[in-house]
Amino acid sequence: MKHNVPQVSWQEKDEIPHFLETLAEHAHVDIFPGNHDGGIESLFSGQKDIRVHSARGAVIDGVGYFHGHTWPAPELLAASHVITAHNHPTVRFTDTFGYSIVEPAWIRTRFNVETFKARFGNLDFENRRDWADPEVFIMPAFNELCGGVPFNESTQEDLLGPVFSSGGIKLENSEVYLLDGTRLGLLKNLRKLEHTRVRTKKRGRKRSSGSPP
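Sequential numbering of the sequence shown, starting at -5, is according to the working numbering.
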């Protein structure tokens, strides 16, 4: 919801309350705060139709939600599906002249159980009440101005958040979908294409705006 970290800007103080209150007139609003959302509770007056959850997420109607900048709460691992975000996944297509376009994409995958066993040693991963091997959906940024991470050019270490950078998702066997529902196939196969393969990495990590260099 917010952009500024850690402060709340005058523009956010002016616009976010109106935005949330307008949404709440039409539907219940659940907020799973991300790394930019510190102090977001101060931007609305506690309407009953707006709820701010823990940054580690929650389960609603059998589906787990968390932003992705933290480890999820243990109860999310027993959900059949989990929706997360944080990395703003995209796919970059580059032609032979070096010009590229970047398309937002949904990533459909699963958690790597071994990573979660190491993190949540008190859970019984043989018991479905603790571990349901949930299907995981990584959602793209709602606003294209936010930029994104080209998953087809990224390794596990390039991704943001502890679940992603620690190998907690099955990256290579994940499925990639464009916003119109077009299935591009498995990420590992997209890497084999000349116009989508992994580039040589430079020092530092930065979200791409999609503009050619």
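Each residue gets a CB set at the ideal place from its N, CA and C atoms; glycine is no exception. Just so we're clear, the structure is a prediction, and the values are computed from it rather than from any experiment.
Alpha carbon of residue i to alpha carbon of residue j, nearest angstrom
i: Gly204; j: Glu120; result: Low local confidence applies: a pLDDT of 45 at Gly204 is under 50, so the model's placement there is unreliable, with the coordinate-based value given in what follows. The straight-line gap from Cα to Cα measures roughly 43 Å.
i: Val170; j: Cys140; result: 20 Å
i: Pro206; j: Asp55; result: Note on Pro206: pLDDT 39, under 50, position unreliable in the model; the coordinate value appears next. Approximately 42 Å between the Cα atoms of the pair.
i: Ala18; j: Ile10; result: 12 Å
i: Val2; j: Asp8; result: 10 Å
i: Ala126; j: Asp118; result: 11 Å
i: Gln5; j: Arg122; result: 46 Å
i: Thr103; j: Glu15; result: 34 Å
i: Lys164; j: Phe136; result: 23 Å
i: Tyr59; j: Ala52; result: 6 Å
i: Ser94; j: Asn167; result: 24 Å
i: Thr176; j: His20; result: 30 Å
i: Lys42; j: His12; result: 15 Å
i: Trp65; j: Arg113; result: 9 Å
i: Leu71; j: His22; result: 24 Å
i: Val157; j: Asp124; result: 18 Å
Where the beta strand (DSSP E) containing residue i begins and where it ends
i: Val157; result: Element bounds for Val157: not the beta strand (DSSP E) but the alpha helix (DSSP H), Pro156 to Ser159.
i: Ala52; result: Ala52 to Ile54
i: Arg177; result: Arg177 to Leu180
i: Glu169; result: Glu169 to Leu172
i: Phe87; result: Pro83 to Thr88
i: Phe105; result: Unbroken run through Phe105: none, as it is neither H nor E.
Cβ pair residue i, residue j closer than 8 Å
i: Pro128; j: Ala73; result: yes
i: Ala79; j: Ile44; result: no
i: Val57; j: Ile77; result: yes
i: Phe110; j: Val130; result: no
i: His75; j: Gly155; result: no
Where the alpha helix (DSSP H) through residue i begins and ends
i: Trp4; result: Trp4 to Ala18
Contact set for residue i: own chain, Cβ-Cβ below 7 Å, skip 5 residues either direction
i: Gly115; result: none
i: Pro27; result: Ile34, Val46, Ala49 and His61
i: Leu153; result: Asn81, Val143 and Ser159
i: Lys182; result: Glu166 and Asn167
Same chain, Cβ closer than 8 Å to residue i, five either side skipped, listed in chain order
i: Glu35; result: Val46
i: Gly179; result: Glu169 and Val170
i: Leu173; result: Glu97, Pro98, Ala99, Trp100 and Pro134
i: Glu151; result: Ser159
Proximity test, Cβ basis, 8 Å: residue i and chain B
i: Ser160; result: In summary, chain B is missing from the structure at hand, where a single protein chain is found.
Residues near residue i in its chain [Cβ-Cβ closer than 6 Å; skip 5 each side]
i: Glu69; result: Val53
i: Gly161; result: Asn106, Thr109 and Gln150
> How about the segment 142 to 151 and the segment 76 to 93: do they share at least three Cβ pairs that are nearer than 8 Å?
Replying inline: yes
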